[in-house]
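Asker: So the protein lines, in turn, are chains B and W. Just so we're aligned, residue 1 is where the first sequence starts under the working numbering, counting upward by one. Just so we're aligned, residue 1001 is where the second sequence starts under the working numbering, counting upward by one. Where a beta carbon is used, it is the ideal one built from N, C-alpha and C, also for glycine. Just so we're clear, the structure is a prediction, and the values are computed from it rather than from any experiment.
Number of protein chains: 2
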Amino acid sequence: MRKKRINDPQGMRRRVLDVAEDCFQARGYHASSLGDLMAAAGVTGGALHHHFPTKKALALAVIEERVAAAVEETWIEPVRAAPSARNGVRAVFEAVAAALEQQGYVRGCPLNNLAHELSLADPDFRIALADIFAGWRRAISDKVRADQEAGLEGGTDPDRFAALTVAAYSGAMSMAKAEQDAGVLRQCLEGLERVEPPPSQNGSPARRRRRVVRQQAIR
Amino acid sequence: MRKKRINDPQGMRRRVLDVAEDCFQARGYHASSLGDLMAAAGVTGGALHHHFPTKKALALAVIEERVAAAVEETWIEPVRAAPSARNGVRAVFEAVAAALEQQGYVRGCPLNNLAHELSLADPDFRIALADIFAGWRRAISDKVRADQEAGLEGGTDPDRFAALTVAAYSGAMSMAKAEQDAGVLRQCLEGLERVEPPPSQNGSPARRRRRVVRQQAIR
DNA sequence: GACAAAACAGGACAACCGGTCTGTTTATAA
DNA sequence: TTATAAACAGACCGGTTGTCCTGTTTTGTC
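1. Against residue 1232 of chain W, what residues of chain B qualify as contacts under a CB-to-CB distance less than 8 Å, listed in chain order?
2. Going by other Cβ atoms of all chains shown within 10 Å of its Cβ, with 16 needed for buried, is residue 66 of chain B buried or exposed?
3. Report all residues from its chain with a CB closer than 6 Å to the CB of residue 1166 of chain W; omit the five preceding and five following residues, and keep chain order.
4. Among residues of its own chain, excluding the 5 on either side of residue 212 of chain B, which ones have a beta-carbon nearer than 6 Å to its beta-carbon?
5. What is the residue span of the alpha helix (DSSP H) that residue 1025 of chain W lies within?
6. Starting from the beta carbon of residue 190 of chain B, find every residue of chain W whose beta carbon is closer than 7 Å, and list them in chain order.
7. Give, in chain order, every unbroken run of the beta strand (DSSP E) that is at least 3 residues long and sits entirely within the segment 155 to 202 of chain B.
8. Would you call residue 979 of chain W buried or exposed, if buried means 16 or more other Cβ atoms sit within 10 Å of its Cβ?
9. Against residue 1010 of chain W, what residues of chain B qualify as contacts under a CB-to-CB distance less than 8 Å, listed in chain order?
10. With 16 as the cutoff for other CB atoms within 10 Å, does residue 1007 of chain W come out buried or exposed?
11. Return the CA-CA distance between residue 22 of chain B and residue 58 of chain B, expressed in angstroms with no decimal places.
12. Look up residue 122 of chain B in the DSSP assignment and say whether it is helix, strand or coil.
13. In this structure, does DSSP put residue 1110 of chain W in helix, strand or coil?
14. Look at the alpha carbon of residue 221 of chain B and the alpha carbon of residue 1134 of chain W, and state the distance between them as a whole number of angstroms.
15. Quick one, are the C-beta atoms of residue 1128 of chain W and residue 1060 of chain W less than 9 Å apart?
16. Grab me the residues of residue 41 of chain B's own chain with a C-beta within less than 6 Å of its C-beta, minus the 5 sequence neighbours each way, in chain order.
17. Can you name the start and end residues of the alpha helix (DSSP H) that residue 50 of chain B belongs to?
18. May I have the straight-line CA-CA distance separating residue 222 of chain B from residue 35 of chain B, to the nearest angstrom?
19. Could you compute how far the alpha carbon of residue 157 of chain B sits from the alpha carbon of residue 131 of chain B?
20. I'd like the span of the alpha helix (DSSP H) that includes residue 1088 of chain W, first residue to last.
21. Does residue 6 of chain B come out as helix, strand or coil in the three-state DSSP assignment?
22. Using a C-beta to C-beta distance shorter than 8 Å, which residues of chain W count as neighbours of residue 108 of chain B?
23. What does residue 133 of chain B touch in chain W if you count any residue whose Cβ is under 7 Å from its own?
24. Would you identify the three-state DSSP class for residue 1042 of chain W, choosing helix, strand or coil?
25. Which residues, in order along the segment 10 to 27 of chain B, keep a beta-carbon less than 8 Å from a beta-carbon of chain W?
26. Report the rounded CA-to-CA distance for residue 1118 of chain W versus residue 1048 of chain W, giving the unit in angstroms.
27. Can you look up residue 1153 of chain W in the DSSP assignment and give me helix, strand or coil?
28. Spell out whether any CB of chain W is found under 9 Å from the CB atom of residue 71 of chain B.
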């Protein structure tokens, strides 16, 4: 009588990754048991094992697919789309701070959460996480370089600016998580914006600003 | 025949804390079993349980005694003893970077390592960790205020500077841990030093520098 | 429809975890 | 000495963990 089942491998895999991402983020890798995940996802052990042979494989998939995507979505894309690197950084900080204040609690940065717990646990984890950090920094430094070519940014070292930005954000999120208060994020942003302030804004050596803006609008 | 034993409660407690601190730092809280700790410390279950009734109690002791002491030793004291806040910050960054490069690997910041794993795990953990963050920031902002009263520092907001410094360090250590390379620490320090650079150094708006230096030398 | 492979179900299991418990030894104080 | 508590030893237990294994069902292909 009851004999209906639909094989939905992609959907099953997605559901598992969904709850794994959420659970790893909220409780951490070691504190999340596969039993918890199975229950939360409504998935049997056989199905889980079929898609992810080991817990490590599952975590690696979460890192490479979900965490990387989260960084891409909340940081890399907004920065790329912003009129300038500094502008993009400010926008991301404020957007994240606003979102945290609205949801009322702070779970921390997905990348940093897993990075701290897993970087030393396994070389594969470490490399995957380091790659995401590298891509994150790269997106910012590339944007700074583009700004410089467009005359929007002064002689700021792009890699240095990117490293400090990512570090300030990561560290601010760490504190915000411990204090359960996103205020420190805004505080760090304000400090960050005072690093080698660019010639624009109210310009002593402000030149070619108009033309640059047009260029950007054209692209 | 063999009937010698010396009760050394303080020594026993210290040994347990030693290995717990080390193990929590290297593998994390959840990844460290009490069996591992007992074996590493050469302590029986009875003794461990006598001094630390639960694993949580042990972790709390590690946080409140060891982690707090580590922050005090590597950050708060050096900053207090430094000629200025900026000088102290630079000294700590460089000392840590040098130490990491010498030991060849990066285990990360003790406070941040535990903060990421335990902040959401238990309110007691979170509060203890947040307190350490607060003390850390406080030491820096107090130093900045002292610098300002001494005329050594400009109008930099002390709390903002402290937050950014702690965030930059924490985030840089996070990246250094993932990349197993302390270089990003130096990079972030260089960026940090370009935040609202004080009137001293080589002064366009450098005033009262001479007098200020003397004041500081007197104290 | 035959057949192989993928997708899924669900139980089994050994290892391990944290905590408890009882008992013994050592220090302390009267 | 004797009582009393602290310090320690070590076995024990219920529950959980991650993984594996054997089946069963679905899907795709010829």
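Answerer: Looking at the coordinates:
1. Since the first residue shown for chain W is 1001 and the last is 1219, residue 1232 of chain W is missing from the structure and cannot be characterised.
2. For this step, residue 66 of chain B is matched to residue 66 along the first sequence. When all chains shown are included, residue 66 of chain B counts as buried.
3. Looking up residue 1166 of chain W in the second sequence gives position 166. The residues are 1136 and 1137.
4. Here residue 212 of chain B refers to the residue found at position 212 of the first sequence. Interpretation of residue 212 of chain B is limited by its pLDDT of 36, a score under 50 that renders its predicted location unreliable; the figure taken from the coordinates is listed afterwards. Within the same chain, residue 212 of chain B has close Cβ partners 150, 151 and 152.
5. Residue 1025 of chain W sits at position 25 when you count from the first residue of the second sequence. Its alpha helix (DSSP H) spans residues 1009 to 1027.
6. The residue labelled residue 190 of chain B in the question sits at position 190 within the first sequence. Chain W residues near residue 190 of chain B: 1160.
7. none
8. The shown model of chain W, from 1001 to 1219, leaves out residue 979 of chain W, and the question about it has no answer.
9. Residue mapping note: residue 1010 of chain W aligns to position 10 of the second sequence, counting from 1. Correct list: empty, because the minimum Cβ distance to chain B is about 30 Å.
10. Along the second sequence, read from residue 1 onward, the residue named residue 1007 of chain W stands at position 7. Classification of residue 1007 of chain W: exposed, given that the 10 Å Cβ count is below 16.
11. Residue mapping note: residue 22 of chain B aligns to position 22 of the first sequence, counting from 1. Residue mapping note: residue 58 of chain B aligns to position 58 of the first sequence, counting from 1. Cα to Cα, the separation comes out at about 13 Å.
12. In the first sequence, the residue the question calls residue 122 of chain B occupies position 122. Coil.
13. For the purposes of this step, residue 1110 of chain W is identified with residue 110 of the second sequence, where counting begins at 1. DSSP places residue 1110 of chain W in helix when its eight states are reduced to three.
14. It is not possible to answer for residue 221 of chain B, since the shown part of chain B is limited to 1 through 219.
15. As a position in the second sequence, residue 1128 of chain W is number 128, starting the count at 1. As a position in the second sequence, residue 1060 of chain W is number 60, starting the count at 1. Contact: yes.
16. Along the first sequence, read from residue 1 onward, the residue named residue 41 of chain B stands at position 41. Within the same chain, residue 41 of chain B has close Cβ partners 15, 16 and 19.
17. Here residue 50 of chain B is taken as the residue at index 50 of the first sequence, counted from 1. It spans 45 to 51 - the alpha helix (DSSP H) in which residue 50 of chain B sits, taken as one unbroken run.
18. Nothing about residue 222 of chain B can be reported from this structure: the residues present for chain B run from 1 to 219 only.
19. For the purposes of this step, residue 157 of chain B is identified with residue 157 of the first sequence, where counting begins at 1. For the purposes of this step, residue 131 of chain B is identified with residue 131 of the first sequence, where counting begins at 1. C-alpha separation (whole angstroms): 21 Å.
20. Along the second sequence, read from residue 1 onward, the residue named residue 1088 of chain W stands at position 88. Element bounds for residue 1088 of chain W: 1085 to 1103.
21. On the first sequence, position 6 is the one that residue 6 of chain B refers to. Three-state DSSP puts residue 6 of chain B in coil, outside helix and strand.
22. Numbered from 1 along the first sequence, position 108 holds the residue referred to as residue 108 of chain B. Result: 1116, 1119 and 1120.
23. Taking the first sequence and counting its residues from 1, one reaches residue 133 of chain B at position 133. 1175, 1178 and 1179, listed in chain order.
24. Here residue 1042 of chain W refers to the residue found at position 42 of the second sequence. Note: residue 1042 of chain W maps to coil in three-state DSSP.
25. 26 and 27
26. The residue labelled residue 1118 of chain W in the question sits at position 118 within the second sequence. The residue labelled residue 1048 of chain W in the question sits at position 48 within the second sequence. Going from the Cα of residue 1118 of chain W to the Cα of residue 1048 of chain W covers about 21 Å.
27. As a working mapping, residue 1153 of chain W is identified with position 153 in the second sequence. Looking at residue 1153 of chain W - three-state DSSP - the assignment turns out to be coil, as it is neither helix nor strand.
28. The residue you call residue 71 of chain B lines up with position 71 of the first sequence. So no, residue 71 of chain B is outside the interface.
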